[in-house]
Amino acid sequence: MKRICSAGISLAVLLLAAPMLRAQDLSHYRNFSLGLSVADLSKLTDSRPVDFKVVHQRPALIEELTWWPRLSGYPPQPEAIREIHFSFCDGKLYRIYVTYDNKATEGMTADDMVRAISARYGTPSTPDARLTFSGGGYGTTAKVLDRWEDAQYSVNLLQPSFDSGYALVLFAKQQNAEADAVITAAAKLELDNAPQNAIDQKKKDADNLEALRAKNTKAFHP
């Protein structure tokens, strides 16, 4: 009888803990998970290779994709997401930046947002911090309203300085730090190579112009 009771208690504990364990999976946002390949994300978003923007090629490949969700149902149901910005380093998704539509969050306080997100990610901390990250050739700084994190992942509710709305950014800590180092190194490479790149571009423009001159000179009839 004691064994049966113990088994029953253990099962009850597991059943109660299961939703909590799922709620604290900080690597997922809806159908997307950090670590996805470019090919996997292409299938989920119905994107083509041409939709991905190459930000840097050296010393590692940094790519980005901005995705706007489609409305579904009839009549179309409103979507809380305005857009999602995906960032990749060497083909692996390391950051998901979600901005919410202002109409979908109109009137909601920061506490309202925290309660809604905590239902998915568990108990937050409240750091006195701002989050700064780069991408697409620009830097973004935002106030962190609340944060959910573990040793591997960080989920942050933000209020961007350029917007009155809310945003959510998820990232894999190690991969995000590595990507930041790559972006810093890439910016230095571009600065160091700028004089030679300008010379090369000037020569390329001159060659193109000469090719057009030759073509038009041959075909031109006054």
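Numbers given in my numbering equal positions in the sequence shown, counted from 1, plus 496.
No residue lacks a Cβ here, since even glycine has one placed at the ideal position from N, Cα and C.
Query	Result
Residue closest to residue 598, alpha-carbon to alpha-carbon, out of 662, 654, 606 and 525	662
Range of the contiguous beta strand (DSSP E) that encloses residue 653	649-656
Outcome for residue 632 when other beta-carbon atoms lying within 10 angstroms are tallied against a minimum of 16	In this prediction, residue 632 has a pLDDT of 46, which is less than 50 and means its spatial position is unreliable; what the coordinates show is noted afterwards. Classification of residue 632: exposed, given that the 10 Å Cβ count is below 16.
Counted within 10 angstroms of its Cβ, other Cβ atoms place residue 670 as buried (16 or more) or exposed	exposed
Where the beta strand (DSSP E) through residue 610 begins and ends	Where residue 610 is concerned, there is no enclosing beta strand (DSSP E), although the alpha helix (DSSP H) it sits in stretches over 606-617.
C-beta contact flag for residue 644 and residue 623 at 7 Å	no
Where the beta strand (DSSP E) containing residue 546 begins and where it ends	Looking at the DSSP string, residue 546 is not in any beta strand (DSSP E), and its letter there is neither H nor E.
For residue 644: DSSP bridge partner residues	651
Residue 587 versus residue 549 - alpha carbon distance	12 Å
Nearest residue (CA-CA) to residue 470, options 523, 648, 566 and 539	In this structure the chain extends from 497 to 718, so residue 470 is not present and cannot be described.
Boundaries of the alpha helix (DSSP H) in which residue 668 is found, first to last residue	Counting along the chain, residue 668 falls outside any alpha helix (DSSP H), though it belongs to the beta strand (DSSP E) covering 663-668.
Proximity below 7 Å, CB of residue 652 to CB of residue 685	no
Contact belief for residue 576 with residue 596 at Cβ below 8 Å, rounded distance in angstroms	5 Å
Backbone secondary structure at residue 532 - three-state DSSP	coil
Cβ-Cβ separation, residue 682 to residue 554 (assumed contact under 8 Å), whole Å	6 Å
The ligand NAP heavy atom lying under 6 Å from the CB of residue 652	This structure simply doesn't include the ligand NAP, nor any ligand for that matter.
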